[in-house]
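*Asks:* Just dropping this structure here.
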Amino acid sequence: MSAGAPSGGAPSAEALPQPPAGEPDHHELVFIGGLHRSGTTPLARSLARHPEIAGLEGTGVPEDEGQHLQPVYPKAKVYGGSGRFARDPRSHLTEHSPLLAPDTAHRLRSAWDPYWDTSRRVLLEKSPPNLVMGRFLQAAFPGSALIVVVRHPVVVALSNKKWRSLLSRDLTRQTTLSTLVDNWVRAHETLRADAPHLRRLHVLCYEDLVREPERELERIQRFLGLAEPIPADGIRPDRSSRYEQAWRDYENPLRPGGVQRRLISRRYGGQIARFGYDVDDLEVCDASQLLAPA
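Here you go:
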C-alpha cells in the first residue's frame, strides 16, 4: 500500500533544512522502518541485491543499521530499545524537531556514505525507529521514500519476548507481553497519524510479503521506479507457527501467559482489529486497514 501526502500536507522543499551547497546529488534515499522482529532485515537485504540499490555494508554495527552510525539523533536503545522505544514520545521525530538543522543531511550522509556504493542511484538505510521518524527523514532528505513493514502485534510481542530473554538474563530488561503489544499499538498509531504528512510512503504486511514475495516486491519495484525486479529468493516462508502454538496454549488460564493473553484481548483487541489484524487468529491480516483512519 503506497500513500502520499495531499497538497499542503507537508512543508515545501524550499522551507526544509538543506545540506551545504555543492555538487548536485542525484541519489534517491530510501528508508525502511518497522518494529524489531517485523521482517525489516530480510526486506532490506533483498532490496540491497537490486543493481540500482546500495545498502549499508561492512559497518560492523548490528544488522548494518544506520541508526548506530550517525551522530544526529538518539538510537532506539535510548528510549528502551526493542519492544519499548515507541512508548517514549521523544522517539517520534518530525519536521519540527529541534534536531533538524541546515547541515543535518550532510552529517547523516557523512556517516553513511562510506558504507554505501554511491555509484548506485538508490541509497537504502534500514533502522526500526524509521517507523516513527518518517517526517524527520523526509525533512532532512526531500524526495526520500519510506517503506514500513508491519507484522501481527502478538507475533511481534512473542518474538521480542523470546529475543530479549536470549539477549539478557537481567530481569529489569524483560518486558511483559501486554507492554510489547502496547508498544506496537503506539508505534502504528503514530505512523497512521504521520501518513498524511509523508509524500512517499509504502506500507506492507509481513504476512503478505512471506506469502507472496514476488507480488509484494513487484509493488515496491513500481513504488521506487526500478527498471528490474527485486530478487525474491531471500524472503523465506513464514516462521510464525511456533508463536501461533504458544498463543493457543495461552488460552488455558492455568498456563504461563494465560493472564497476559486475556489482558491483551480485553485491552487491545479492538485497536488491533482497526489495523486489520485479529487478536485470536494470528494468520489474519488486511493491509488495506493499516493506514485507514481510526
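Counted the way the UniProt record's numbering counts, the sequence shown spans residues 1 to 294.
C-beta: ideal position from N, C-alpha, C; glycine also.
In this text the structure is predicted, and so the values were computed from the model without any measurement.
(1) Rounded to whole angstroms, what's the CA-CA distance from D280 to H106? Just pull it up for me.
(2) Would you decide whether R222 is buried or exposed? Buried here means 16 or more other CB atoms lie within 10 Å of its CB.
(3) Using the C-alpha atoms, what's the distance from R109 back to L254?
(4) Looking only at its chain, what residues have a beta carbon closer than 7 Å to the beta carbon of L224, apart from the 5 residues adjacent to it on each side?
(5) Could you pull out every residue in the same chain whose Cβ sits closer than 8 Å to the Cβ of R49, ignoring the five residues on either side in sequence?
(6) Is it the case that the CB of H50 approaches a heavy atom of the ligand GDP more closely than 7 Å?
(7) Helix, strand or coil for I235 per DSSP?
(8) How is L282 classed by DSSP in three states: helix, strand or coil?
(9) Tell me, please, which residues DSSP counts as bridged to G33.
(10) For V261, collect the residues of the same chain with a Cβ closer than 6 Å to its Cβ; drop the 5 residues on either side in sequence, then sort them by chain order.
(11) Can you list, in chain order, the residues of its chain whose CB lies under 6 Å from that of R87, leaving out five sequence neighbours each side?
(12) Return the bridge partner residues of V203 from the DSSP annotation.
(13) Are there 16 or more other CB atoms within 10 angstroms of the CB of S288, so buried, or fewer, so exposed?
(14) For G134, which residues from the same chain have a beta carbon less than 6 Å from its beta carbon, with the 5 sequence-adjacent residues on both sides left out?
(15) So the candidates are V61, H36, W116, W112; which of them puts its Cα closest to the Cα of E52?
(16) How long is the line joining the alpha carbons of H26 and L47, rounded to whole angstroms?
(17) Quick one: is N252 buried, meaning 16 or more other Cβ sit within 10 Å of its Cβ, or exposed?
(18) Determine the direct distance from the alpha carbon of C205 to that of L217, and round the result to whole angstroms.
(19) For S2, which three-state DSSP category applies?
(20) Can you say whether Q245 is buried or exposed, counting buried as having 16 or more other CB atoms within 10 angstroms of its CB?
(21) Between which two residues does the beta strand (DSSP E) holding I53 run?
(22) With a cut-off of 8 Å on the beta carbons, I'd call W247 and L290 a contact; round off their distance for me.
*Replies:* Quick look at the numbers:
(1) 47 Å
(2) exposed
(3) 53 Å
(4) V30, V122, A145
(5) I230, P231, G234
(6) Only the bare structure without any ligand can be found here, which leaves the ligand GDP out of the picture.
(7) coil
(8) coil
(9) V148
(10) Inspection of the sequence shows that residue 261 is occupied by Arg rather than by Val. The residues are Y250.
(11) N183, R186
(12) V148
(13) exposed
(14) L146, D194, L198
(15) W116
(16) 19 Å
(17) exposed
(18) 12 Å
(19) strand
(20) exposed
(21) 53–55
(22) The Cβ separation is near 21 Å, so there is no contact.
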